Amino acid sequence: MKARITVTLKNGVLDPQGKAIEHALSGLGFDGVGQVRQGKVFDIELAGTDKAKAEADLKAMCDKLLANTVIENYSVTLT
Numbered sequence: 228m229k230a231r232i233t234v235t236l237k238n239g240v241l242d243p244q245g246k247a248i249e250h251a252l253s254g255l256g257f258d259g260v261g262q263v264r265q266g267k268v269f270d271i272e273l274a275g276t277d278k279a280k281a282e283a284d285l286k287a288m289c290d291k292l293l294a295n296t297v298i299e300n301y302s303v304t305l306t
């Protein structure tokens, strides 16, 4: 079973890396780019076929390691 976890900063949390990317894109001539927010994507392969167990395990992985839940949100998609 495969999963994709997307981690993004919560609304209201400053994103200096996103701001730097926004300015760099403008400097490269890409006009019309609004706000840029950066994040992380994890593609994970899991053994087994139990969807409920996989979702619980992935949520635990995010809560314990992959996301800082104080300042980040995450979403899990099983594929």
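Take the sequence shown: its letters are residues 228 to 306, numbered as in my numbering. Yeah, the Cβ is synthetic: ideal placement off N, Cα and C, and Gly gets one too. None of the values given here were measured: they were computed from a predicted structure.
Beta-bridge partners of residue i, as assigned by DSSP
| i | result |
| --- | --- |
| D180 | With the chain running from 228 to 306 in the structure shown, residue 180 is simply not present. |
| L236 | E299 |
Residue burial classification, residue i (beta-carbon count within 10 angstroms, cutoff 16)
| i | result |
| --- | --- |
| A251 | exposed |
| A247 | exposed |
| L305 | exposed |
Start and end residues, alpha helix (DSSP H) containing residue i
| i | result |
| --- | --- |
| L285 | 278-288 |
| L252 | 243-254 |
Element boundaries [beta strand (DSSP E), containing residue i]
| i | result |
| --- | --- |
| L305 | 299-305 |
Below-9 Å beta-carbon distance, residue i vs any chain C residue
| i | result |
| --- | --- |
| G245 | No chain C appears in the structure shown, which is made up of a single protein chain. |
Under 8 Å: do the stretch 230-246 and the stretch 258-270 share three or more Cβ pairs, one atom per stretch? Yes: the two stretches touch, three or more of their Cβ pairs being nearer than 8 Å.
Contact the stretch 236-246 vs the stretch 291-302: 3+ CB pairs below 8 Å: yes
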